[in-house]
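Asks: Okay, here's the structure, questions in a sec.
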Amino acid sequence: MAHKIPIDDEQWNDGLLATIREKVHMEADRKAMANQANVPADPQFQSRTTYRIKNKVIYCLDGARIGIQYETYFAGEPCEIYHCVLESKSFLEKMTVIEHTLPFFLPIREVESEFLSSNAIKFIDHLEEILQSYVDRREQVRLIKELYGNQIGELFHSLSYNLIEFVMEDFECKVTVSIRYSDLLFTLPSQARVLAWPLRSSRGISVTERRASRSASAQLVPFRLPYAEDALKTLSLPEAFAEIVLSLPRALKRILSSQESD
């Protein structure tokens, strides 16, 4: 039977984590002594105590281990649940990660090395932020594919979705978009570059003909779309995509007219 305890931000501190660690070590010691003396375990320690702090749950495990369950969300809807298990040989020794279900490309070992021995609270919270940000970036890409798939050509992304590139089609120009997130905690890009590649003799021809002429665009000079780059750095990806599409005809007309007058 589990005993669930809700915890607020002020209660989630080093003192509480020390209490949880002490509890699992006392339980491990008590079980070891009970096994040696062939004595039934204390019912008080038979129940599982869990602590919920927002979207994560801390729970006590056998063998002096502590589990963390991370619940991720996007737009208010639940996504994956991830787990991480910490262990220490004694209450005075540092904890280590002995197992986890995080995606292999997220830097859990680097975070463990940087934070776990000196600030376990920071380690637990930092992992939560990395996981939630990863899910957020991934779901933004999924959403633009779902909503605007017919306007997107090639689409590439890194495993952690901190680099995303795609081509926007069916416009007077081929538009290439490249965005980068310099930190895995970011859900808005730190860098954005949007280039419009003029299609030779694009005016007055069909979409099919424009696509056929795309090979000629490599010989033409592209131009940047600052308004699109600003949108990508200030709005979520689906919102930015909609803004880019809405303003693109006017922006292209202005730029192409300017080029023709030069």
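Note that UniProt numbering gives residue 109 to position 109 of the sequence shown, counting from 1, and the numbers run on in steps of one.
Every residue gets a Cβ at the ideal spot worked out from N, C-alpha and C, and that includes glycine.
With distances taken Cα to Cα, identify the nearest neighbour of R138 among T72, D14, P249, M33.
Replies: Of T72, D14, P249, M33, the residue nearest in Cα terms is T72.
Asks: Express the C-alpha separation of S178 and I20 in angstroms, rounding to a whole number.
Replies: Those two C-alpha atoms are separated by around 45 Å.
Asks: Could you check which residue in F223, D170, P189, L184 has the C-alpha nearest to that of L195?
Replies: If we check each option's Cα against that of L195, F223 comes out closest.
Asks: Ignoring anything shorter than 3 residues, give me the beta strand (DSSP E) runs that lie fully in the segment 128 to 213, in order along the chain.
Replies: If we require 3 residues or more, the beta strand (DSSP E) runs fully inside the segment 128 to 213 come out as 152 to 157, 163 to 168, 173 to 180, 191 to 198.
Asks: Would K56 and I68 be called neighbours here (beta carbons separated by less than 8 Å)?
Replies: Yes.
Asks: Taking the beta carbon of Q140 as the centre, do at least 16 other beta carbons fall within 10 Å, making it buried, or is it exposed?
Replies: It is buried - the Cβ of Q140 has at least 16 other Cβ atoms within 10 Å.
Asks: So, under 8 Å CB-CB, E27 and F91 are touching, yes? Tell me the CB distance rounded to an integer number of Å.
Replies: Actually they do not touch by this definition, with Cβ atoms about 12 Å apart.
Asks: Could you tell me whether the Cβ of G153 comes closer than 8 Å to any Cβ of chain D?
Replies: The question asks about chain D, but that chain is absent: this structure has only one protein chain.
Asks: State yes or no: is the C-beta of A120 within less than 8 Å of the C-beta of M95?
Replies: Yes, they are a contact pair.
Asks: Just verifying my parser: in three-state terms, what is the DSSP assignment at S19?
Replies: Reading off the sequence, residue 19 comes out as Thr, not Ser. T19: helix per DSSP, three-state reduction.
Asks: Should I144 and L235 be called a contact, given that it needs their Cβ atoms to be closer than 8 Å?
Replies: No, these two residues do not count as a Cβ contact at 8 Å.
Asks: Where L17 and A34 are concerned, what is the direct C-alpha to C-alpha distance, given to the nearest angstrom?
Replies: Cα-Cα distance, rounded: 26 Å.
Asks: Could you tell me the distance, in whole angstroms, from the CA atom of H100 to the CA atom of K122?
Replies: Cα to Cα, the separation comes out at about 17 Å.
Asks: Which one of M168, L232, E243 has the shortest CA to CA distance from P189?
Replies: If we check each option's Cα against that of P189, L232 comes out closest.
Asks: For Q132, count neighbouring C-beta atoms within 10 Å of its own C-beta (all shown protein chains included) and say buried if the count is 16 or more, exposed if not.
Replies: By the neighbour-count rule (16 or more Cβ atoms within 10 Å), Q132 is buried.
Asks: If the criterion is Cβ atoms closer than 8 Å, does the pair F105 and L147 meet it?
Replies: Contact: no.
Asks: Taking only the alpha-carbon atoms, compute the straight-line gap between S202 and L248 and give it to the nearest angstrom.
Replies: For S202, the predicted structure reports a pLDDT of 45, less than 50, and the residue's modelled location is therefore unreliable. A value from the coordinates is still provided. Rounded to whole angstroms, S202 to L248 spans 15 Å at the Cα level.
Asks: Rounded to a whole number of angstroms, what is the C-alpha to C-alpha distance between I130 and S258?
Replies: Cα-Cα distance, rounded: 44 Å.
Asks: CB-CB under 8 Å to L252, same chain, minus the five flanking residues each way: which ones, in chain order?
Replies: F171, E172, C173, A196.
Asks: Between Y70, L86, S113, which lies nearest to C79 when the distance is taken from Cα to Cα?
Replies: The shortest Cα separation from C79 among Y70, L86, S113 belongs to Y70.
Asks: Any idea if A192 is buried or exposed, counting beta-carbon neighbours within 10 angstroms, 16 or more meaning buried?
Replies: Burial call: buried.
Asks: Under the three-state reduction of DSSP, which class applies to K31: helix, strand or coil?
Replies: Of the three classes helix, strand and coil, the one that applies to K31 here is helix, per DSSP.
Asks: Report the rounded CA-to-CA distance for A216 versus E239, giving the unit in angstroms.
Replies: Below a pLDDT of 50, predicted positions are generally treated as unreliable, and A216, at 45, falls in that range; the measurement from the model is reported next regardless. Rounded to the nearest angstrom, the two C-alpha atoms are 31 Å apart.
Asks: Please list the terminal residues of the continuous alpha helix (DSSP H) segment that includes V111.
Replies: First-last of the alpha helix (DSSP H) with V111: 108 to 111.
Asks: What residue range is occupied by the uninterrupted alpha helix (DSSP H) comprising K233?
Replies: K233 -> alpha helix (DSSP H) spans 226 to 234.
Asks: Taking the alpha carbon of E154 as the point to measure from, which residue in K89, N162, V175, D136 has its own alpha carbon closest?
Replies: For E154, the nearest C-alpha among the options comes from V175.
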